[in-house]
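In mature numbering (1 follows the signal peptide of the UniProt record, and there is no 0), the protein residues as written are -19 to -1, 1 to 110. To start, the structure itself, in structure tokens.
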Amino acid sequence: MTVRCVLRGCVAASALLLAACELPNAEARREAAALTGGDPSYGPPLMRKYGCQACHTIPGVAGADGLVGPPLSGIASRSYIGGVLPNTPENMMKWIMNPKGVDSLTAMPNTGVTDSDVRHIAAYLYTLR
């Protein structure tokens, strides 16, 4: 067996592994889009635009290693948002847009997230299971 054959086998195996990893992710993205009416692929750049990475560690968002707010990994599986709201798409969007309106004592600032942007951000967060 030549080195070239071994490399081809490794490339093929890697492609299969990547495809297998994408299946649940693709399903999570479809479900999140259906729940929120947003596109999860727009979430990471919007989260950077609004500065979420300054306070939160967010999987899939470059430079999001903040230590002020809670890490957002697994947020889709949590029972509550901000410790005060049941985790529903409507509540997630409400919290993102106006956290101080929900809990005046929260350290999370209102960042000016728009109605259209909040759907995409929430859609992305609902892929983080």
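Cβ atoms here follow ideal geometry from the backbone N, Cα and C, with glycine treated the same way. Just so we're clear, the structure is a prediction, and the values are computed from it rather than from any experiment.
Does Gly24 pass the burial test, meaning 16 or more other C-beta atoms within 10 Å, or should it be called exposed?
Residue numbering aside, residue 24 sits at position 43 when the sequence shown is read from its first letter. Looking at its Cβ environment, which holds 16 or more other Cβ atoms inside 10 Å, Gly24 is buried.
When DSSP builds the beta bridges, which residues end up paired with Asp46?
In the sequence shown, the residue the question calls residue 46 occupies position 65. Per DSSP, Thr38.
Please report the distance separating the alpha-carbon of Gly63 from that of Trp76.
Here residue 63 is taken as the residue at index 82 of the sequence shown, counted from 1. Here residue 76 is taken as the residue at index 95 of the sequence shown, counted from 1. Looking at the backbone, the Cα of Gly63 and that of Trp76 are separated by about 8 Å.
For Ala104, the first and last residue of its enclosing alpha helix (DSSP H):
Within the sequence shown, the letter at position 123 stands for residue 104. Its alpha helix (DSSP H) spans residues Asp96 to Leu106.
Roughly how many whole angstroms lie between the Cα atoms of Ala35 and Thr87?
Here residue 35 refers to the residue found at position 54 of the sequence shown. Here residue 87 refers to the residue found at position 106 of the sequence shown. Inter-residue distance for Ala35 and Thr87 is about 16 Å (C-alpha atoms, whole angstroms).
Sequence-distant residues of its chain with Cβ nearer than 8 Å to Ser58 (five each side left out):
To locate residue 58, count along the sequence shown from 1; it is residue 77. Correct list, in chain order: Arg110.
Is DSSP giving Pro70 helix, strand or coil here?
Start at 1 with the first residue of the sequence shown, and residue 70 comes out as number 89. Correct three-state label for Pro70: helix.
Does DSSP put Tyr23 in a helix, in a strand, or in coil?
As a first step, residue 23 is located in the sequence shown; it is residue number 42 there, counting from the start. When secondary structure is reduced to three states using DSSP, Tyr23 falls in the helix class.
With Pro80 as the anchor, note down where its alpha helix (DSSP H) starts and where it stops.
The sequence position of residue 80 within the sequence shown is 99, counting from 1. For Pro80, the enclosing alpha helix (DSSP H) begins and ends at Pro80 to Val83.
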